[in-house]
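Numbering (this note's numbering), first residue to last: 46 to 662. For each residue, glycine too, the CB sits at the ideal point set by N, CA and C. Below is one structure, written out as C-alpha cells, with a few remarks after it.
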Amino acid sequence: MLSFNNLSLRRGSNLLFQEVSFTDHKKKKVGLVGSNGTGKTTLFKMIQGDFESDAGEFNYPPDLRIACLDQEVPGSDELALSYVLSGDHKLLEIQNAITRAEEDGDYSSLGDLHSKFEDHDGFSAKSRAEQLMVGLGFTESDFEKALKDFSGGWRVRLNLARTLMKPSDLLLLDEPTNHLDLDTIIWLGNWIKSFQGALLLISHDREFLDECVDHIAHIHNQQIELYSGNYSQFEIRKAAKLAELESNYNAQQREIAHMQNFVRRFKAKATKARQAQSRIKALERMELIAPAHIDSPFHFKIPETDKISNPLMTLEGAELGYTNSIVSNVGVSFRPGDRIGLLGVNGAGKSTLVKSLTGDIDLLEGLKRDGKNLVVGYFSQHQVDDLDLQKSAIQHIQNIDEKATESEIRNFLGGFNFRGDKAKDSIENFSGGEKARLALAKIAFQKPNLLLMDEPTNHLDMDMRQALTVALQEFGGAILLISHDRHLLANTVDEFLIIDKGKLSRFNGDLEDYRKLILRGSIDLESIKIEPEAKTKLDKKEIKEIKTRILVLEKSLKRLQRKLSETENHLNSPDSYKDESGPNLHDLLRDQVNLASQIEQTEDEWFELNQHLEDSS
46 MLSFNNLSLR RGSNLLFQEV SFTDHKKKKV GLVGSNGTGK TTLFKMIQGD
96 FESDAGEFNY PPDLRIACLD QEVPGSDELA LSYVLSGDHK LLEIQNAITR
146 AEEDGDYSSL GDLHSKFEDH DGFSAKSRAE QLMVGLGFTE SDFEKALKDF
196 SGGWRVRLNL ARTLMKPSDL LLLDEPTNHL DLDTIIWLGN WIKSFQGALL
246 LISHDREFLD ECVDHIAHIH NQQIELYSGN YSQFEIRKAA KLAELESNYN
296 AQQREIAHMQ NFVRRFKAKA TKARQAQSRI KALERMELIA PAHIDSPFHF
346 KIPETDKISN PLMTLEGAEL GYTNSIVSNV GVSFRPGDRI GLLGVNGAGK
396 STLVKSLTGD IDLLEGLKRD GKNLVVGYFS QHQVDDLDLQ KSAIQHIQNI
446 DEKATESEIR NFLGGFNFRG DKAKDSIENF SGGEKARLAL AKIAFQKPNL
496 LLMDEPTNHL DMDMRQALTV ALQEFGGAIL LISHDRHLLA NTVDEFLIID
546 KGKLSRFNGD LEDYRKLILR GSIDLESIKI EPEAKTKLDK KEIKEIKTRI
596 LVLEKSLKRL QRKLSETENH LNSPDSYKDE SGPNLHDLLR DQVNLASQIE
646 QTEDEWFELN QHLEDSS
C-alpha cells in the first residue's frame, strides 16, 4: 500500500533518511519508533504530501483514503459535535448538496442524494460521532460547546475524535495518548483493535503499542527496518542484535544481573497480594527488555535525604477541593517504601488530591500532618511550564544548591543527557521532552523522600521512560503516581488507590482488573463502582480439585522455566552469535517469546486459583 524505494530526505541540513526501501502492506498495524529527532513526524508529513523527498520514490494507490491526527485545533465558534462530524468530508459534501438541492427546488437530484447519504451511513453519523466523543471523555453537555471554550488538551481530543470519524484505509496517529488519561487510552486501544484499515502509529507508550500493533518500523541510522510482532518482541530482537558486539554483550550481562538481583529482592519481601504478584510478573518481563536499552543516553538515580520520618505525611478527615468538596473524608498516610498508583476517571479528583498534598490547595476541612524530615519531590506539567527559559540547565540546578560545583552538576545532568553546550545554553529552544527531563532532574537533585508524580512520562521517549522506570524502582522513599503509562505503573507501584464518586478507597485488583472495569460495556465511566467482592464458600471437593490443578500448574511452570532457562543460556552465550553451526538465532528468539508467553498464562491461572482459595477461606 505504501512503498518507499531508495528514498532520501533532508530537513534543512539534517539528513533523516538515506536510500530507504520499505513497504507497508494493507491492513498492517505498524508502530513507528525511534529516538526523538529521527524523522517520525516528518515521515507522516511527507505521506500527507506536505513536502517531497530529496531522492527516490514514494508511492501509494490514488484512491487510498488517509486520515491523520492533527496536533493543533484553532479556537473558533464551531460547535464540538459539528466539528467531529466534519471529519467525514464525503458525508459533509453530500449533506451540503442535499441542502442546495432543497433550496433550489431540485427535487430530481434529491432522490439520488438521499440514496448516497444512506449508502454512506449518514443516518448513524451523529450517533457514531457522539459515541466517539463520549469514549474520549466528553459528556453530553460538551456536544454543543464551541471549540474556543475547550483547553488545548481537550481540543486535541476533539481532533482525535474527528480523525477517527473519517472513513479511512490508512490511519496516521502521532502520539495520540499524550493528552489522554488511562481510562481513555484503554478505550482508544480497544477501538484501534477493531479498526479494519491499516495503521501507522507513533507512540512512546509501550503497553499501547503492544496492544495496537502487529509490526514495528524502527528508524535508526537513517534507515527504516520492519519487524513482525509488537514492541516487546521488537525489544527482544533488538537486544539480540546489540549483543552481537562483545562490548554490548558484556554491558547487557551487567544489566541483566542488575535486574535479576532487583527482582529477587522484591520477591523476597512481596506478599501474595494481587498487585504485588502482578508487579513480579512485570519485573520479570523487564529482564527481557532491559538489554535493549544499554545504548540509552539516560542513566540516573533519585537520591534520598539522609534523614527520614515515619509517617512522611498524613491526611485525616480531609475535604479536598477549591470552593466545593471534590473528594470527601480522606484519610491516608504515606510511609517510607510506600509505592502507590492513583486511579480514577478524568475529573474524579486525582490532581486535586496531589495538589492538596503539596499545599498548592488548602484543605477545606480536616488535618494534614507533615513529618519532621519530609522532603517532597513534586512533578506536574506546571513544573515544566514554570521553568525559566532564559536560564541554562546548570543554572536551574545551581538555584537549588548554590554550593554545588559546576563539575558536580555537569556529572549529575549527564545522566539526563544534558552534556556539553546543552547543559550551559539557555533552555528556550528545548523541546517538550527536554524540558520534562530537566524538571525531573531538578526533583531528583533535591533528594526527596516522598515523590508525588502527575503524568511524568508526557513527551518522554522510550529510553527516558525506561530510565525513569528503573530510577523509581530503586527509589527508597514513598511514591504516589498518577500516570497513563501502564508499563510505568506495573513496574513501580505495589498497590492502588482509586477516587470514585468523591471517595478515596483502596483498589484491590491490578491494572488488568481496572482495564476490564473500563471495558465492562458501559461508556459512562462514572458509573463504575468499586466494591469488595463477596466471598464464595467452596466445598471440600472443589478445594481438592483446585489444589490438584495448582500442583499440575506448578509442575508445568517448572518444566517451562527449565526450557526458558536453557533457551536463554543459548542466547546469553556469545558463541550463539558467532557459530553458524549452533542453534538458529531467530528460532531461539521465537522460542524465548513463546515460552515466556506460556509461562505468563500458566502463572495467571496459578495466581487466580490461589486467590480463589484465599478469598473463600
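When the Cα atoms are used, Ile347 and Glu97 turn out to be separated by approximately 45 Å. The straight-line gap separating the alpha-carbon atoms of Phe168 and Leu209 is approximately 17 Å. Positions of the beta strand (DSSP E) runs, each at least 3 residues long and wholly inside the stretch 477-544, are given as 495-499, 523-527 in order along the chain. When the beta-carbon positions are compared, Pro381 and Gly521 come within less than 8 Å of each other. Under the three-state reduction of DSSP, Gly376 is assigned to strand. Assignment of Glu252 by DSSP, reduced to helix, strand and coil, places it in the helix class.
Judged by DSSP in its simplified three-state form, Ile247 adopts strand. Per DSSP, Val179 is one residue of the alpha helix (DSSP H) stretching across 170-180. Contact check between the stretch 378-393 and the stretch 421-440: fewer than three CB pairs, one atom from each, fall below 8 Å, which does not count as touching. Taking the Cα positions, Gln116 is about 10 Å away from Gly198. In this structure Leu130 is not in contact with Ala191, their Cβ atoms being roughly 15 Å apart against a cut-off of 8 Å. Pairing Leu217 with Cys113, the inter-Cα distance amounts to about 5 Å. In the same chain as Lys193, and ignoring 5 residues on each side of it, the C-beta atoms closer than 7 Å to its own belong to Gly120, Ser121, Asp122, in chain order. Taking C-beta atoms as the reference points, Asp530 and Arg510 count as a pair closer than 8 Å. If the five residues before and after Ser396 are omitted, its C-beta is found closer than 8 Å to the C-beta atoms of Ser425, Asp499, Ile527, all from its own chain and listed in chain order. The stretch 381-425 is shown to contain whole alpha helix (DSSP H) runs of 4 or more residues at 395-403, in chain order.
Below 8 Å, enough C-beta pairs join the stretch 69-76 and the stretch 241-260 to call them touching: three or more.
Taking 8 Å as the cut-off, the beta carbon of Ile472 is found closer than this to the beta carbon of Leu432. Residue range 227-239 is occupied by the alpha helix (DSSP H) that includes Thr229. The criterion of a C-beta distance shorter than 8 Å is not satisfied by Ser66 and Asp99. A straight-line Cα-Cα distance of about 22 Å links Asn553 and Glu252.
Of Arg607, Ile563, Asp584, the smallest CA-CA separation from Ile231 is found for Ile563. Measuring C-alpha to C-alpha distances from Val421 to each of Ser153, Gly182, Val375, Asp405 identifies Asp405 as the nearest. The distance from the Cβ of Leu633 to that of Lys608 is about 12 Å, inconsistent with a contact at the 8 Å cut-off.
In this structure, Asp555 sits away from Gly389, with a CB-CB distance that is not shorter than 8 Å.
Residue pairing for Met358: DSSP places it in a beta bridge opposite Phe379, Asp415. Only residues of its own chain outside the window of five on either side were considered, and among them Val429, Leu432, Ile472 have a CB closer than 7 Å to the CB of Lys480, listed in chain order. Our two residues, Glu650 and Leu596, have alpha carbons roughly 12 Å apart in a direct line. Sequence-distant partners of Leu496 (beyond 5 residues in either direction) whose C-beta falls short of 6 Å from its own C-beta, in its chain, are Gly422, Ile524. Distance from the CA of Thr68 to the CA of Val372, rounded to the nearest whole angstrom, comes to 52 Å. A distance of 8 Å or more separates the beta carbons of Glu451 and Glu410. Spanning the alpha carbons of Phe279 and Thr403 requires a straight line of approximately 40 Å. In terms of Cβ geometry, Glu270 and His263 form a close pair [threshold 8 Å]. Where His134 is concerned, the enclosing alpha helix (DSSP H) starts and stops at 134-149. Taking the Cα of Ala125 as reference, the smallest distance to any Cα among Asn536, Arg207, Arg110 is reached at Arg207. Leaving aside the five residues that flank His224 on each side, the residues in its chain whose CB is nearer than 6 Å to its CB run, in chain order, Gly198, Val201.
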